[in-house]
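Below is one structure, written out as C-alpha cells; the observations come after it.
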Ligand code: CMC
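Residue numbers (UniProt numbering): 45 to 439.
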C-alpha cells in the first residue's frame, strides 16, 4: 500500500472535474455556471436557477415555460403514496427519514423513468429531474402536515414554486394562506442560495452513488441521508437550538460570546470551512431576514437575541481576527423561524433547495464519456493472518 496517500476527509483531493459551481473562499464569491450568486439573487428565481444549474445555461422564454410546466404538472405525489402519510410512518418520524425513503420509492412508482440503465435513464432525465424538483417540495410539506395532525393540503396549479410550498404548509381546507411577497421572496432566495455548493458531503455522496450506475432517484435519496447530519445540513437546526438555550438562560448574549471565546461552546451559524470572509449567501439573506422580521412584526425574543448576537460578534476582536462571520445557516434559520417553519423541518428545507445541485451532479457523472466507479483506497491499520480461535477458547 506504499503508493496510497492518506487524505482523510478529502480536504485536499480533487475527486472529479466539474463545470457546475465555483467557490472563491478567500474573496467570498460563489458562481453557479459562472454567474455570480448576487446577480441570480437579484434577478432570478429558484426554478430558473435550477434550470441554469442542471442544463448549464439560463433558459430561453420557451425553455423556461416548458420546464416550469413540467414542474407544475408534477406537483402532486402519486395518490397511492398518500398512504405513507396515513399511518405509513409514525407521527414521530423525522422529516428527513420520510424524505429519503419516499424519494427512493419514487423509482418504483415511475418505473418507466429509471431503470439503472444509463442510456435509458438519460433519455428520461428531463422528466425525472422536473418530477423530483416538484415532488420533493410536496413530500416535505405533507410530512409537516402529517406530523402535526393537520389535514393534507394539495398543491395548486396557479401558484409559483415557493408560494405553492407555503400554501401546502400553512393553508387550511377552508382558509387560504396568502403570504406577504417578502416572505415568498425570502423563501425562494433561501432555496436559490442552497441550490449547489460544489463537492459538499451530500453532493459527493450523490456522485459516488451515481458512479456505480445507480438511477437518479436512488442517488438523491442517498444525498438526503448525508445531508441529515449536524455537521452538514443539520447545522441550521442547531442555530435555533442555541438561540433558544440563550433565551432559556435569561437571554445573556455576552455569556454566549464569552463561552465561545473560551472554547466552551461554538457559536452555531458562525464561521465556514471555505469562506474566510463573509459567506456571500449570508450577506444576501441578512437583508431578506430584515425584511421578513419587519413584515411579521416579530415579538419572538429568540429572533431579537439573534440580531443582538450578530451585532456583538461583529464588533468583537476574537471573531474579527478569526474571520468568523455569520454563515448561510444563521440567517436562513432566522427567516424560517420567523415565517413559522418548525425547527425540525429546517434540514428538509435545505434538501428542497439542494435538489437541483444533486440532479446536475448526477447528470454530470452519468454523461461522462470515460468515467470510473468511485472507489477510494485505504491505509489498512489492522492485523493480518489472524488465527480462527474456537469459541470455548475466547474467554
Ligand atoms: N464559534 C467560536 N469559535 C469558532 C467558531 C465558532 N462558530 N468557528 C471557528 N471558531 C474558532 C476555532 O475555535 C478556532 O480558534 P483558534 O484558532 O483559537 O483555535 C478558529 O476559529 C478556526 O476554527 P476552525 O475549526 O479551524 O475552523 P474550520 O474551518 O475548521 O471550521 C466550521 C468551520 C463551520 C466547522 C466552524 O466554523 C463551526 O463549527 N461553526 C459552527 C457550526 C456551523 O455554523 N456550521 C455551518 C457551516 S455553513 C454550512 C454549509 O455551508 O453547508
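Ideal Cβ positions, reconstructed from N, Cα and C, are used throughout, including at glycine.
What you are looking at is a predicted structure, and each value in this text was computed from that prediction instead of being measured.
Pick from the options that is closest to residue i, judged by C-alpha positions
i           : options               : result
residue 442 : 282, 99 and 227       : Any property of residue 442 remains undetermined from this structure, which presents the chain solely from 45 to 439.
residue 74  : 355, 161, 394 and 323 : 323
residue 54  : 439, 422 and 254      : 422
residue 248 : 403, 329 and 328      : 403
residue 58  : 437, 420, 256 and 430 : 420
residue 376 : 329, 415 and 317      : 329
residue 341 : 415, 226 and 192      : 226
residue 349 : 327, 305, 298 and 369 : 298
residue 326 : 200, 182, 233 and 66  : 233
residue 205 : 190, 228, 141 and 344 : 228
residue 269 : 64, 398 and 284       : 398
Distance, residue j Cα to residue i Cα
i           : j           : result
residue 390 : residue 380 : 7 Å
residue 395 : residue 111 : 20 Å
residue 79  : residue 96  : 9 Å
residue 292 : residue 60  : 46 Å
residue 108 : residue 92  : 7 Å
residue 300 : residue 352 : 11 Å
residue 50  : residue 186 : 44 Å
residue 70  : residue 316 : 11 Å
residue 383 : residue 337 : 9 Å
residue 220 : residue 171 : 30 Å
residue 147 : residue 415 : 25 Å
residue 239 : residue 98  : 10 Å
residue 321 : residue 82  : 16 Å
residue 405 : residue 201 : 29 Å
Assigned exposure category for residue i - 16 Cβ within 10 Å defines buried
i           : result
residue 411 : exposed
residue 139 : buried
residue 216 : exposed
residue 156 : exposed
residue 413 : exposed
residue 417 : exposed
residue 355 : exposed
residue 275 : exposed
residue 363 : buried
residue 261 : buried
residue 135 : exposed
residue 104 : exposed
Residue-chain proximity (residue i, chain C), Cβ-Cβ < 8 Å
i           : result
residue 414 : Of the protein chains in this structure there is only one, and it is not chain C.
Every unbroken alpha helix (DSSP H) within the region 323 to 372, with a cutoff of 4 residues, ordered by chain: Taking only runs of at least 4 residues, the alpha helix (DSSP H) segments lying wholly in the region 323 to 372 are 324 to 340, 345 to 358 and 361 to 365.
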